[in-house]
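In the working numbering, the protein residues as written are 45 to 245.
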(Lines of atoms letter the chains of each structure in order from A and count residues from 1; the text may use other names and numbers.)
(Lines give C-alpha, C1' and ligand atoms only; values in the text may rest on other atoms or scores of the structure.)
Protein backbone atom coordinates (compact mmCIF):
# COMPACT_ATOMS: atom_id res chain seq x y z
CA UNK A 1 0.00 0.00 0.00
CA UNK A 2 2.87 2.33 0.81
CA UNK A 3 4.38 1.78 -2.65
CA UNK A 4 1.06 2.63 -4.29
CA UNK A 5 0.75 5.86 -2.31
CA UNK A 6 4.31 6.85 -3.12
CA UNK A 7 3.56 6.40 -6.83
CA UNK A 8 0.53 8.73 -6.75
CA UNK A 9 2.53 11.89 -7.64
CA UNK A 10 3.77 10.05 -10.74
CA UNK A 11 0.21 9.08 -11.71
CA UNK A 12 -1.29 12.53 -11.13
CA UNK A 13 1.50 14.23 -13.06
CA UNK A 14 0.86 11.90 -15.99
CA UNK A 15 -2.89 12.48 -15.86
CA UNK A 16 -2.81 16.27 -15.60
CA UNK A 17 -0.07 16.67 -18.22
CA UNK A 18 -1.71 14.11 -20.49
CA UNK A 19 -5.00 16.01 -20.58
CA UNK A 20 -3.48 19.40 -21.38
CA UNK A 21 -3.25 20.61 -25.01
CA UNK A 22 -0.19 19.43 -26.90
CA UNK A 23 0.80 18.04 -30.31
CA UNK A 24 -0.75 14.61 -29.75
CA UNK A 25 -4.01 15.90 -28.32
CA UNK A 26 -4.48 18.56 -31.00
CA UNK A 27 -3.79 16.01 -33.74
CA UNK A 28 -6.33 13.64 -32.20
CA UNK A 29 -8.95 16.36 -31.98
CA UNK A 30 -8.32 17.27 -35.63
CA UNK A 31 -8.58 13.60 -36.61
CA UNK A 32 -11.82 13.23 -34.66
CA UNK A 33 -13.25 16.21 -36.54
CA UNK A 34 -12.05 15.10 -39.96
CA UNK A 35 -12.36 11.31 -39.81
CA UNK A 36 -14.47 10.41 -36.79
CA UNK A 37 -13.77 8.24 -33.74
CA UNK A 38 -13.41 4.79 -35.29
CA UNK A 39 -11.03 5.84 -38.05
CA UNK A 40 -8.82 7.51 -35.41
CA UNK A 41 -8.39 4.34 -33.32
CA UNK A 42 -5.12 3.32 -35.00
CA UNK A 43 -3.77 6.80 -34.30
CA UNK A 44 -4.76 6.38 -30.64
CA UNK A 45 -3.17 2.92 -30.44
CA UNK A 46 0.07 4.28 -31.89
CA UNK A 47 0.26 7.10 -29.35
CA UNK A 48 -0.46 4.80 -26.40
CA UNK A 49 2.09 2.21 -27.55
CA UNK A 50 4.76 4.72 -28.54
CA UNK A 51 4.48 6.77 -25.37
CA UNK A 52 4.53 3.64 -23.20
CA UNK A 53 7.75 2.49 -24.88
CA UNK A 54 9.22 5.98 -24.56
CA UNK A 55 8.43 6.13 -20.84
CA UNK A 56 9.81 2.63 -20.23
CA UNK A 57 13.04 3.63 -21.97
CA UNK A 58 13.21 6.75 -19.79
CA UNK A 59 12.63 4.58 -16.71
CA UNK A 60 15.68 2.52 -17.69
CA UNK A 61 17.82 5.65 -17.48
CA UNK A 62 18.09 6.62 -21.15
CA UNK A 63 16.33 9.91 -20.40
CA UNK A 64 19.41 11.09 -18.50
CA UNK A 65 21.52 10.47 -21.61
CA UNK A 66 19.09 12.54 -23.70
CA UNK A 67 19.29 15.43 -21.24
CA UNK A 68 23.09 15.31 -21.33
CA UNK A 69 23.34 15.85 -25.11
CA UNK A 70 21.99 19.23 -26.34
CA UNK A 71 22.64 18.28 -29.98
CA UNK A 72 20.32 15.28 -29.66
CA UNK A 73 17.65 17.53 -28.14
CA UNK A 74 18.00 20.06 -30.96
CA UNK A 75 17.84 17.34 -33.62
CA UNK A 76 14.61 15.94 -32.20
CA UNK A 77 13.12 19.43 -31.91
CA UNK A 78 13.86 20.10 -35.59
CA UNK A 79 12.42 16.75 -36.70
CA UNK A 80 9.36 17.11 -34.49
CA UNK A 81 8.76 20.67 -35.68
CA UNK A 82 9.05 19.66 -39.34
CA UNK A 83 6.51 16.89 -38.80
CA UNK A 84 4.07 19.25 -37.05
CA UNK A 85 4.36 21.79 -39.87
CA UNK A 86 3.69 19.01 -42.38
CA UNK A 87 0.57 17.95 -40.46
CA UNK A 88 -0.57 21.56 -40.13
CA UNK A 89 -0.31 21.92 -43.90
CA UNK A 90 -2.29 18.70 -44.44
CA UNK A 91 -5.07 19.92 -42.14
CA UNK A 92 -5.10 23.41 -43.65
CA UNK A 93 -5.07 22.22 -47.27
CA UNK A 94 -8.07 19.96 -46.63
CA UNK A 95 -9.91 22.48 -44.43
CA UNK A 96 -12.63 23.16 -46.99
CA UNK A 97 -13.09 19.57 -48.17
CA UNK A 98 -16.13 17.45 -47.39
CA UNK A 99 -15.75 13.81 -46.28
CA UNK A 100 -16.48 12.66 -49.87
CA UNK A 101 -13.86 15.02 -51.29
CA UNK A 102 -11.27 13.86 -48.72
CA UNK A 103 -12.01 10.27 -49.74
CA UNK A 104 -11.58 11.13 -53.43
CA UNK A 105 -8.23 12.79 -52.67
CA UNK A 106 -7.24 9.77 -50.56
CA UNK A 107 -6.96 11.77 -47.37
CA UNK A 108 -6.48 9.31 -44.53
CA UNK A 109 -6.00 9.46 -40.77
CA UNK A 110 -2.57 8.99 -39.22
CA UNK A 111 -1.81 5.29 -38.79
CA UNK A 112 -0.30 3.23 -35.99
CA UNK A 113 3.35 3.27 -37.09
CA UNK A 114 3.38 6.99 -37.90
CA UNK A 115 1.80 8.03 -34.59
CA UNK A 116 3.96 5.65 -32.55
CA UNK A 117 7.11 6.91 -34.27
CA UNK A 118 6.17 10.54 -33.66
CA UNK A 119 6.47 9.96 -29.89
CA UNK A 120 10.24 9.61 -30.31
CA UNK A 121 10.66 12.95 -32.09
CA UNK A 122 8.15 14.84 -29.96
CA UNK A 123 10.25 16.97 -27.55
CA UNK A 124 7.23 17.74 -25.35
CA UNK A 125 6.48 14.04 -24.98
CA UNK A 126 10.11 13.16 -24.27
CA UNK A 127 10.45 15.89 -21.63
CA UNK A 128 7.10 14.82 -20.20
CA UNK A 129 8.28 11.19 -19.92
CA UNK A 130 11.64 12.08 -18.35
CA UNK A 131 10.01 14.47 -15.85
CA UNK A 132 7.39 11.90 -14.90
CA UNK A 133 9.97 9.18 -14.28
CA UNK A 134 11.72 11.44 -11.77
CA UNK A 135 8.55 11.28 -9.64
CA UNK A 136 8.70 7.51 -9.25
CA UNK A 137 9.70 6.27 -5.79
CA UNK A 138 13.41 5.54 -5.51
CA UNK A 139 13.17 2.86 -2.84
CA UNK A 140 11.86 0.20 -5.23
CA UNK A 141 13.49 -2.25 -7.62
CA UNK A 142 13.91 -1.57 -11.32
CA UNK A 143 11.26 -4.19 -12.09
CA UNK A 144 8.81 -2.42 -9.79
CA UNK A 145 9.55 0.92 -11.45
CA UNK A 146 8.82 -0.58 -14.86
CA UNK A 147 5.61 -2.19 -13.58
CA UNK A 148 4.44 1.12 -12.08
CA UNK A 149 5.18 2.81 -15.38
CA UNK A 150 3.05 0.33 -17.33
CA UNK A 151 0.17 0.43 -14.83
CA UNK A 152 0.09 4.24 -14.84
CA UNK A 153 0.86 5.12 -18.46
CA UNK A 154 -1.66 2.83 -20.18
CA UNK A 155 -4.83 4.06 -18.40
CA UNK A 156 -3.72 7.71 -18.48
CA UNK A 157 -2.84 7.54 -22.18
CA UNK A 158 -6.16 5.85 -22.97
CA UNK A 159 -8.11 8.47 -21.01
CA UNK A 160 -6.38 11.48 -22.59
CA UNK A 161 -6.36 10.17 -26.17
CA UNK A 162 -10.00 9.13 -26.13
CA UNK A 163 -11.06 12.38 -24.44
CA UNK A 164 -9.52 14.56 -27.14
CA UNK A 165 -10.70 12.34 -30.00
CA UNK A 166 -14.28 12.29 -28.71
CA UNK A 167 -14.09 16.06 -28.22
CA UNK A 168 -13.22 16.33 -31.91
CA UNK A 169 -16.12 14.10 -32.96
CA UNK A 170 -18.47 16.20 -30.82
CA UNK A 171 -17.28 19.38 -32.54
CA UNK A 172 -17.86 17.72 -35.93
CA UNK A 173 -21.45 16.91 -34.96
CA UNK A 174 -22.14 20.40 -33.64
CA UNK A 175 -20.64 22.22 -36.63
CA UNK A 176 -21.72 20.40 -39.76
CA UNK A 177 -21.67 23.16 -42.38
CA UNK A 178 -18.64 23.50 -44.64
CA UNK A 179 -17.81 27.05 -43.50
CA UNK A 180 -17.63 26.09 -39.82
CA UNK A 181 -15.51 23.01 -40.53
CA UNK A 182 -13.16 25.09 -42.68
CA UNK A 183 -12.71 27.63 -39.89
CA UNK A 184 -12.17 24.93 -37.25
CA UNK A 185 -9.60 23.02 -39.32
CA UNK A 186 -7.79 26.26 -40.16
CA UNK A 187 -7.71 27.13 -36.46
CA UNK A 188 -6.32 23.67 -35.57
CA UNK A 189 -3.64 23.98 -38.25
CA UNK A 190 -2.68 27.37 -36.80
CA UNK A 191 -2.45 25.90 -33.29
CA UNK A 192 -0.05 23.21 -34.53
CA UNK A 193 2.10 25.90 -36.14
CA UNK A 194 2.10 27.91 -32.90
CA UNK A 195 3.31 24.87 -30.95
CA UNK A 196 6.54 24.80 -32.99
CA UNK A 197 8.28 27.82 -31.37
CA UNK A 198 7.19 26.58 -27.94
CA UNK A 199 9.12 23.35 -28.58
CA UNK A 200 12.36 25.33 -28.73
CA UNK A 201 11.92 27.06 -25.37
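No residue lacks a Cβ here, since even glycine has one placed at the ideal position from N, Cα and C.
Less than 8 angstroms between the beta carbons of residue 231 and residue 225, yes or no? Here residue 231 corresponds to residue number 187 of the chain shown, with the count starting at 1. Here residue 225 corresponds to residue number 181 of the chain shown, with the count starting at 1. Inclusion of residue 231 and residue 225 in the CB contact set at 8 angstroms is not warranted, their separation being larger than that value.
On the DSSP letters alone, give me the boundaries of the alpha helix (DSSP H) that residue 51 sits inside. On the chain shown, position 7 is the one that residue 51 refers to. Residue 51 -> no alpha helix (DSSP H), and no H or E assigned at all.
If we count the other Cβ atoms within 10 Å of its Cβ and call it buried at 16 or more, is residue 87 buried or exposed? Taking the first residue of the chain shown as position 1, residue 87 is located at position 43. With a 10 Å radius around the Cβ and a threshold of 16 neighbouring Cβ atoms, residue 87 comes out buried.
Within the chosen definition, does the segment 65 to 78 reach the segment 202 to 211 through at least 3 CB pairs nearer than 8 angstroms? Contact holds: three or more Cβ-Cβ distances are below 8 angstroms.
Hey, out of 63, 234, 97, whose CA is closest to residue 170's CA? Start at 1 with the first residue of the chain shown, and residue 170 comes out as number 126. Restricting attention to 63, 234, 97, the CA atom closest to the CA of residue 170 is found in 97.
Keeping to the same chain, check which residues put their C-beta closer than 6 angstroms to that of residue 62; ignore five residues upstream and five downstream. Reading the chain shown from its first residue, position 18 is the one you call residue 62. Only 200, 204 meet the Cβ criterion.
Of the choices 210, 109, 161, 122, whose alpha-carbon is the least far from that of residue 244? For the purposes of this step, residue 244 is taken as the residue at position 200 of the chain shown. Ranking 210, 109, 161, 122 by Cα distance to residue 244 puts 122 first.
Endpoints, alpha helix (DSSP H) assigned at residue 87: If you number the chain shown from 1, residue 87 lands on position 43. Boundaries of the alpha helix (DSSP H) harbouring residue 87: 85 to 103, taken from the DSSP string.
Should the segment 92 to 106 be called in touch with the segment 170 to 183, which here means at least 3 C-beta pairs below 8 angstroms? A contact is defined here as three or more CB-CB pairs under 8 angstroms, and the segment 92 to 106 meets this definition with respect to the segment 170 to 183.
What is the rounded straight-line gap between the Cα of residue 222 and the Cα of residue 228? Locating residue 222 in the chain shown gives position 178, counting from the first residue. Locating residue 228 in the chain shown gives position 184, counting from the first residue. Here the alpha carbons of residue 228 and residue 222 stand approximately 10 angstroms from one another.
My assumption, with CB atoms under 8 angstroms, is that residue 76 sits in contact with residue 212. Please give the rounded CB distance. Stepping through the chain shown from its first residue, residue 76 is reached at position 32. Stepping through the chain shown from its first residue, residue 212 is reached at position 168. So it is a contact: roughly 2 angstroms between Cβ atoms.
In whole angstroms, what is the alpha-carbon distance linking residue 89 and residue 156? The residue labelled residue 89 in the question sits at position 45 within the chain shown. The residue labelled residue 156 in the question sits at position 112 within the chain shown. Taking the straight line joining both Cα atoms gives about 6 angstroms.
Whole-angstrom C-beta distance between residue 117 and residue 53, which should lie under 8 angstroms: Within the chain shown, the letter at position 9 stands for residue 53. Within the chain shown, the letter at position 73 stands for residue 117. Approximately 25 angstroms separates the beta-carbon atoms of residue 53 and residue 117; this is outside 8 angstroms, ruling out the contact.
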